[in-house]
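Structure first, commentary second.
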Amino acid sequence: MPLRPTAAPRNDAIAIARVLCILGVVYVHAWTGRTGEELAHMTGTGEEVLRWVLMEGLGKSAVPLLGMISGYLVAGSRRAQSWRSHVAGKARTILLPMILWNAIAIACVSGAALAGWIQAPLPSSAHWLVEEALALTRPPDINVQMPFLRDLFVCMLAAPLLVRLPVKGMMLLAAMVAVLTIGGWPQPLLLRPLILFFFLFGMIARRLSLAERAAALPLANAIAPFLLLVPVKITLSLSPTDFPAIHPQAMAALDLATRIAAALFFWRIANACAASRARDALLAIAPYVFFLFCCHLILIWIGGPLLGHWIGPAGSPLYPAFLIAQPLLVLGASIVLARAVIAISPAAARILSGGRLAAPARKAGAGLVAVRNPA
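Each residue of the sequence shown is one higher than the last, beginning at 22 in my numbering.
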């Protein structure tokens, strides 16, 4: 018999999972102050291993659960039955913020580069501007995290059809996506096909009550696969024999297995946090995390060199501490920025956050609230 927990603990776990995952994503884009060639020369050093552990273990591994949560929520949404209202809603909460934040990134980051303050991509053509804003065929050069929102919106376009599939149909489609990804075969619609895989995985989890069953697992059982696979993936990624290039299919299969284990890991940790003393603090952060996701690279492009001038780039004595602290530093800056936008224009804050931020209530003691929990 499917488990049916109350909605409140489930919603708390979802909100906390988003906080943990998006904070982890910051590690993928953490400022290093080094070129790719310079970082390659650091391979094998303790600091570079630390960077890879944070980037792979807490960064790239966090993204799958975000896709699963979106699929899970859509599978339980009545609006998904109506294509027009569903897509209109997702255009407001996903597509429009993506485009606006990409435009802001071009203005701020390329503007700072033109002023000579930082080194960053500069507009080279009208085609570059279109790609940078819409991510039609490639990830943006500045907001490199935005393919997640771009591909998530594509998944949302198909969601009214996907929710009508039986579980076996969803499983078959997810398996096809996995085979295409592992095989390295191109497809025309998605920049990162695994987003569709985990979106479908989330829908399946909703149908089969897998989220509830995973939350009920003993903590050691839930985290063990991830803790076993991540060291293997990092070791092979940093192998001097260039294992990923020699065995791309094997590496892709390991990557997929690691991401599945990571989704279970982060979901179980989120549920543990929802039942801990950290719950209230994490839920207080939750309304800001979409804003953080969208603006964190702008803050890193501009703020990284400023702080790095005093701390030093990767390889400097103070850099490891700076690296570890970057998600919290960027979170603090994004909250300050979000509050400033709300103070200037609550309507702009709602649009840029995809409807996730509302102005503070007028009564004394009221704080910022989330107006909805978009998928």
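The beta carbon of each residue, even a glycine, is placed where N, CA and C say it ideally should be. As the structure is a prediction and not an experimental result, all values here were calculated from the model.
How many whole angstroms separate the CB atoms of M224 and A96, which I take to be in contact at a CB cut-off of 8 Å?
4 Å
Inter-residue Cα distance where the pair is A354 and R100
35 Å
Report the three-state DSSP secondary structure of R298 (helix, strand or coil).
coil
Whole-angstrom Cβ separation of I255 and E77, contact assumed at under 8 Å?
5 Å
With the cut-off set at 8 Å, would you say L373 and L121 are in Cβ contact?
Annotated as proximal: L373 and L121, with beta-carbon spacing under 8 Å.
Give the straight-line distance between the Cα atoms of P348 and S103, rounded to the nearest whole angstrom.
38 Å
What's the C-alpha gap between T27 and A235?
For T27, the predicted structure reports a pLDDT of 48, less than 50, and the residue's modelled location is therefore unreliable. A value from the coordinates is still provided. Cα to Cα, the separation comes out at about 15 Å.
Quick test of the definition: if touching needs 3 or more C-beta pairs under 8 Å, does the region 241-254 touch the region 283-290?
yes
Contact set for S106: own chain, Cβ-Cβ below 7 Å, skip 5 residues either direction
Close CB contacts of S106 within its chain, under the 7 Å cut and outside five residues either way in sequence, are with R100 (chain order).
What's the call for G188, buried or exposed, on a 16-neighbour Cβ count within 10 Å?
The displayed chain sequence assigns Val, not Gly, to residue 188. Classification of V188: exposed, given that the 10 Å Cβ count is below 16.
Between which two residues does the alpha helix (DSSP H) harbouring H330 extend?
310-332
Quick check on DSSP: helix, strand or coil for Q208?
Coil at Q208, not helix or strand.
With the cut-off set at 8 Å, would you say F264 and I216 are in Cβ contact?
no
In whole angstroms, what separates the C-alpha of L389 from that of K81?
For L389, the predicted structure reports a pLDDT of 43, less than 50, and the residue's modelled location is therefore unreliable. A value from the coordinates is still provided. Taken atom to atom, the span from the alpha-carbon of L389 to that of K81 is near 29 Å.
Give every residue of the same chain whose Cβ lies closer than 6 Å to the Cβ of F312, excluding the five residues on either side of it in the sequence, and list them in chain order.
S355, A359, S374
Burial state of D172, where buried means 16 or more other Cβ atoms lie within 10 Å
With 16 or more other CB atoms across the displayed protein chains lying within 10 angstroms of its CB, D172 is buried.
What does the Cβ neighbour count give for V200, buried or exposed, with the cut at 16 atoms within 10 Å?
So V200 counts as exposed.
8 Å Cβ shell around L250 - same chain, five flanking residues per side excluded:
Cβ neighbours of L250 beyond the five flanking positions: L275, A278, T279, A282.
For A296 and A237, the rounded distance between their alpha carbons
Here the alpha carbons of A296 and A237 stand approximately 12 Å from one another.
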